[in-house]
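Quick mapping for you: the protein sequence lines, in order, are chains A, B, C and D. Residue 318 in our numbering sits at position 277 of the first sequence, with consecutive numbering throughout. Residue 62 in our numbering sits at position 21 of the second sequence, with consecutive numbering throughout. Residue 344 in our numbering sits at position 303 of the third sequence, with consecutive numbering throughout. Residue 157 in our numbering sits at position 116 of the fourth sequence, with consecutive numbering throughout. Yeah, the Cβ is synthetic: ideal placement off N, Cα and C, and Gly gets one too. These notes are about the structure you will find just below.
Number of protein chains: 4
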Amino acid sequence: MANELIHLENDYSECAHPAILERIARENTTSRSGYGVDDACDSAAAKIRGLIGRDDADVHFLIGGTSVNLIALAAFLRPHEAIICAEQAHINVHETGAVEASGHKLLTASTTDGKLTPELVELLYSKQTDEHMVKPRLAYISNATELGTVYTADELRKLRGCCDALNLLLYMDGARLGSALAASDLEWTHLPRYLDAFYIGGTKNGALFGEAMVIINDALKPDFRYLIKQRGGMLAKGFLLGHQFDVLFEDDLFLSLARHANRIADGLRAALVAKGVRFLVETQTNMLFPILPNEWVAKLRKRFAFHDAERISNTETAVRLVASWASPESIVDEFAACVNQL
Amino acid sequence: MANELIHLENDYSECAHPAILERIARENTTSRSGYGVDDACDSAAAKIRGLIGRDDADVHFLIGGTSVNLIALAAFLRPHEAIICAEQAHINVHETGAVEASGHKLLTASTTDGKLTPELVELLYSKQTDEHMVKPRLAYISNATELGTVYTADELRKLRGCCDALNLLLYMDGARLGSALAASDLEWTHLPRYLDAFYIGGTKNGALFGEAMVIINDALKPDFRYLIKQRGGMLAKGFLLGHQFDVLFEDDLFLSLARHANRIADGLRAALVAKGVRFLVETQTNMLFPILPNEWVAKLRKRFAFHDAERISNTETAVRLVASWASPESIVDEFAACVNQL
Amino acid sequence: MANELIHLENDYSECAHPAILERIARENTTSRSGYGVDDACDSAAAKIRGLIGRDDADVHFLIGGTSVNLIALAAFLRPHEAIICAEQAHINVHETGAVEASGHKLLTASTTDGKLTPELVELLYSKQTDEHMVKPRLAYISNATELGTVYTADELRKLRGCCDALNLLLYMDGARLGSALAASDLEWTHLPRYLDAFYIGGTKNGALFGEAMVIINDALKPDFRYLIKQRGGMLAKGFLLGHQFDVLFEDDLFLSLARHANRIADGLRAALVAKGVRFLVETQTNMLFPILPNEWVAKLRKRFAFHDAERISNTETAVRLVASWASPESIVDEFAACVNQL
Amino acid sequence: MANELIHLENDYSECAHPAILERIARENTTSRSGYGVDDACDSAAAKIRGLIGRDDADVHFLIGGTSVNLIALAAFLRPHEAIICAEQAHINVHETGAVEASGHKLLTASTTDGKLTPELVELLYSKQTDEHMVKPRLAYISNATELGTVYTADELRKLRGCCDALNLLLYMDGARLGSALAASDLEWTHLPRYLDAFYIGGTKNGALFGEAMVIINDALKPDFRYLIKQRGGMLAKGFLLGHQFDVLFEDDLFLSLARHANRIADGLRAALVAKGVRFLVETQTNMLFPILPNEWVAKLRKRFAFHDAERISNTETAVRLVASWASPESIVDEFAACVNQL
């Protein structure tokens, strides 16, 4: 319909890539064991182990990002152990205190780009000096971050070094890992080298739902399934997750969907840059945060749906535009035309 | 294939009723808001409110049974408040201590049929006498129970009376509520009359996944969505749950699937009764627990897949047979023939 | 005053042994570092290490029994790990769900004497079979038990063997350890041999308040002080605990107080046995549970204060009599005279 | 001894005011009921109710500050409800994540003086917009603060107004309430007018240990003793707390001890001001934070014991000096003399 708004609100507004629905339909009546112990999960896990080049990695398929994060942190930490993260971290802002509800304190670093650096980690670490304070034990990063920024391979390598020096675990929230990998020099095989554990986000990259938790550090592996079950994250029909990730990691579908979303975002970004627009933060992924005069925002909203990110002044607002695996190519031209007329 | 085993292991071994997959496929590319705030969820919730005759009920769509239970109990109780339940209760045995992980103690009643009675509730209640002990605040029942038994409308009415007298909330785990309603005189409209809150199980009755939480008691409604999010139970693509329950409550599909499963179970039961078999507990639903000589068990396992329930003696075992919405009608005759030859 | 009741209600109804008050008065104005890092605590800990013959034991002075138990179990266990204990265990009945509030489930054994046996432990252990259930990780015993019974050295040795075989930790609640040691063949040096950790109760054996936690197993030692602080158990003026335990372990005061309480109880017991009274459970410590006709109970209450333990029948009640380090010797004769006249 | 250091490290380095020890010694052998249900606690509570002019206040005697805070916040809040506090708040920095271990998130305001203002509360409140974030429900203040600053009656009145407007509870940590009352225009009777609950600190004002929790808001009163017991804060010999507070609130002892400590601090402050020293923050209570050249710090440490507070530059350090109820008057002159010679 001509008047329907074009969605730039999120990357989880549609059901799933058709190949996923086809697989589920094809396997619909086959009986399988529950709880993620089935051939579909086995196949998907094997593909992930192959990608990252680690046959010994533990792979668990889980339901959603908050669920993965709270399960992982509950599994990995003792009660007095704390988490270092950026103040914008999803676990700090947008998970309703799920980590604290598991009993752990967050120590947050002030950043403008949502990224931890060795310096920030060391600063927070140095402030916790004795048993009257929590004990930092894990650094949490998101990649891509909540602000659409990414870590380079070298940045991750340095964080790993810092964490090793401070006896910290390094955990990556990969809700938008596809987009990050497609936008940086980071490769699948870097992940097990630099991280103790991470998850690969399916929900925001073409799956109906689901995230793949990957545990590299042997010390973190025991009894993880107990925590999954205890925190409500064990899907009865676990094979649904297996089917989805098995499809996503067939023929490079996962990264090709992420590249598509990034490419759409690149197009939107180019149109804004051409118009001389500034950005809240420079991004390379499927999210961008242009700072726009409020009248422009109002005009764009007649054709596009998107969220505000931050009030900049009385006259300007930073908005959040999200391109998706499902975004039609055509929206780039349409957006460019609109921006051009502003 | 002639040699493939017939599944009597569970009611969640296949993906979903075809009508559900069709709906998702049809709506696949429509963009919707996330987190359960969408027209599909609204439509499904309206149907449920209509069925139970309570326009004021709060309906939330959640991912799985353990997740619903731990969210509801965390939302409803203060830290020192305890739960009375049967020793066989799913929350006591099969949820890896999820309720305790939320901080609450279970007080368990010894039963043979998995059902609470006013007498059992009163006995447990009377033992908690002061602030050195937990304070009982909620009675948890499953219907159907973990043993396949059901509550009659009158039994529920009496439990309600007992709970009112003791200032206890009454909560029902409805993982197999369809089967219970199809097997007893209990009706949809009884539920809000006797219960403070309950959930309607989709996972075991034809959905890909999902349970519908229904809150009747106004005091339990505020901020429930905060708890859903905090405990990892808020699906990003909440509309997936809306689509499924909207289909399940169209044209009575929900109860017709449950009736089908019960009818298959009736057929299996009849064959066993005809053979003179005893049962661990008398059931009316889609689960049965025949006590069989171990040689019979071995012989049946050549054709049927099922779990052991309990060792009865050196020579006999109670096994668990579960019929499903997906079980073909033909298996009744095949099972009867096998039993007859034992 | 002639009419004042003689207290047999508890062993924590008076302030403290005079030697403790004297020490505190003597040290009153000396400035010391807080939080248990001081010379008084060091001295007391050294005495305890000497008694048990383990220079490498970690000793922490804590405030009270519930506080010790909840701190120790929170420190020792991961979230899905459960505790095996007798159904009468203090942590199960009389700590308002403190252990569950730390997130852990209790698996309780049915007993008549409040004691765990290898058979009971193995039975409970064997029922937890996979990640849908909690994972047993620690056996909790009280010595003396809540019913006044004790473990012999050989019984502890066998429990240790059972726990080793099942990879369980063995933890002892020693709220009444003095009484147990004074009443059995168990010796101080047995404790580190058979237990991973235990606490020595001061509150019920002459201290104003305080329990000494002793950790033997190296794996349980790290960061224990973080847990003490986090759970509110770190006394600012920790030296108060140091002073008290330093006095209690001077000149064998600790055991001599316990022997006194046991001896008083022996006297009470003898009077009841002479009268032909039965007991709920046979005890050797400072608590006894005679089963008395209700009229006798009423008559005794004119002279003695004590609690009911359990209703036996319409006409009989088991009562709980507790002798204390503070009980005057004279009460034995007075009690015997009263009983004789019943 | 001439060479012994003069303690300015803390206000909890000595045992107790002699009148307290005398009372305990006098009552030593009197048998009383346990757990704070006794005549001594009743008498002390009555005095506190009288002071604040509220016969209906609930008063509970607890063991220490961290214990009070974690119990109160666990009792007052639902799991998704968060606490607004200054970043310097004791609960944020020095309680090893005790509040988070109870499941609640802290939202911290950046301040230089450790005090919340309506503006800071409103700013933090406004950022939490929906169920993906925690819900602010309580503002926590310390008075005196961790930086030795105090709230005036008018400042508290305005905070109350702000909290009412935002439906927030207002809770005061009174670890150093005596010092605050002695240093400001705030009076006992203001407390119930502006606060929902608060505690009166004994540990840092002459008691062996102990804090008196006062609950004004009726909605926060039910079942508080369950929480005390569950979190390990219920002292078996509760009468010890009753005795102490009964003595502290006899003949104005509580405030006179606080005035003494403040007066000593005033003397120290005057000596530093005379020397032209700047302060990290301006204080009126028993704590001061002078910024000193590092050589001066070294010289003062030859005669006085105190802690560093904050490194200011390569050459200057802010130190923390704490005067106490137990500080001898003579130290003021001695300190002045030393400072004068710097």
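Coarse secondary structure for residue i, derived from DSSP in three states
i	result
PHE320(A)	strand
ALA66(A)	helix
PRO369(C)	coil
LEU207(D)	helix
ARG352(C)	strand
VAL360(D)	strand
PHE347(D)	coil
ALA340(A)	With the sequence shown as reference, residue 340(A) is identified as Lys, and Ala is not the correct amino acid for it. LYS340(A): helix per DSSP, three-state reduction.
LEU161(C)	helix
VAL175(A)	coil
LEU281(C)	helix
TYR181(D)	strand
MET42(C)	The predicted position of MET42(C) is uncertain, since its pLDDT is 40 and thus under 50; no value can be drawn from it.
VAL255(C)	strand
PRO263(C)	coil
TYR240(A)	strand
ARG307(A)	According to the sequence as given, residue 307(A) is Asp; it is not Arg. Helix, per DSSP.
Member of the options whose CA lies at the smallest distance from the CA of residue i
i	options	result
TRP408(B)	SER225(B), ALA350(B), THR358(B), VAL322(B)	Because chain B spans 42 through 383 in this model, residue 408(B) falls outside it and cannot be assessed.
MET213(C)	ASN184(C), LEU333(C), SER225(C)	ASN184(C)
LEU197(C)	PHE290(C), GLN325(C), THR230(C), ALA113(C)	THR230(C)
PHE345(D)	THR356(D), GLU351(D), PHE376(D)	PHE376(D)
PHE347(D)	VAL140(D), LEU46(D), GLU50(D)	GLU50(D)
ALA200(A)	LEU179(A), GLU187(A), GLY215(A)	With the sequence shown as reference, residue 200(A) is identified as Leu, and Ala is not the correct amino acid for it. Among LEU179(A), GLU187(A), GLY215(A), the Cα nearest to that of LEU200(A) is on LEU179(A).
LEU165(D)	ALA123(D), PHE102(D), GLU187(D)	ALA123(D)
LEU249(A)	GLU228(B), GLY279(B), LEU236(B)	GLY279(B)
GLU63(C)	PHE320(C), THR107(C), LEU281(C), VAL360(C)	LEU281(C)
ASP83(B)	HIS284(B), VAL380(B), ASP349(B), ASN327(B)	HIS284(B)
Closer than 8 Å to chain F by CB, residue i
i	result
PRO59(A)	The displayed structure is made up of protein chains A, B, C and D, and chain F is not among them.
Buried versus exposed call for residue i [16 or more other C-beta atoms within 10 Å across all chains shown]
i	result
PRO59(C)	exposed
ILE177(D)	A quick correction: the sequence has Pro, not Ile, at residue 177(D). Classification for PRO177(D): buried.
GLU323(C)	exposed
ASN208(B)	exposed
GLY77(B)	buried
GLN382(C)	exposed
HIS145(B)	buried
ALA43(D)	Since pLDDT at ALA43(D) reaches only 46, below the 50 mark, its modelled position is unreliable, and no value is offered.
ASP351(A)	The question names Asp, but residue 351(A) is Glu in the sequence shown. With fewer than 16 other Cβ atoms within 10 Å, it is exposed.
LYS270(A)	buried
ASN355(A)	exposed
ALA206(D)	exposed
GLU45(A)	exposed
Original post:
Counting Cβ pairs, one atom from each stretch, are 3 or more of them under 8 Å apart for the segment 67–78 of chain C and the segment 51–61 of chain D?
Top reply: Touching, yes, given that three or more Cβ pairs across the two stretches are closer than 8 Å.
Subject >> Stretch pair the segment 153–172 of chain D + the segment 146–162 of chain A: three plus CB contacts closer than 8 Å >> reply: They do not touch, by the three-pair rule.
Original post:
Of all the alpha helix (DSSP H) runs that stay within the bounds of the segment 99–149 of chain B, which reach a length of 4 or more residues?
Top reply: Qualifying alpha helix (DSSP H) stretches, in chain order: 106–117, 131–134, 139–142.
Original post:
Below 8 Å, can you find three or more Cβ-Cβ pairs linking the segment 92–102 of chain D to the segment 246–266 of chain D?
Top reply: For the pair of segments examined, the segment 92–102 of chain D was found to touch the segment 246–266 of chain D: the number of CB pairs separated by less than 8 Å reaches three.
Subject >> Three CB pairs or more closer than 8 Å across the segment 220–234 of chain C and the segment 290–305 of chain C >> reply: They touch, by the three-pair rule.
Original post:
Is there contact between the segment 358–373 of chain B and the segment 274–293 of chain C, where contact requires at least three CB pairs shorter than 8 Å?
Top reply: Counting Cβ pairs under 8 Å, fewer than three are found: no touch.
Original post:
Looking at C-beta atoms only, is the number of pairs between the segment 135–150 of chain A and the segment 308–328 of chain A that lie closer than 8 Å three or more?
Top reply: Put simply, the segment 135–150 of chain A does not touch the segment 308–328 of chain A. Fewer than three CB pairs are less than 8 Å apart.
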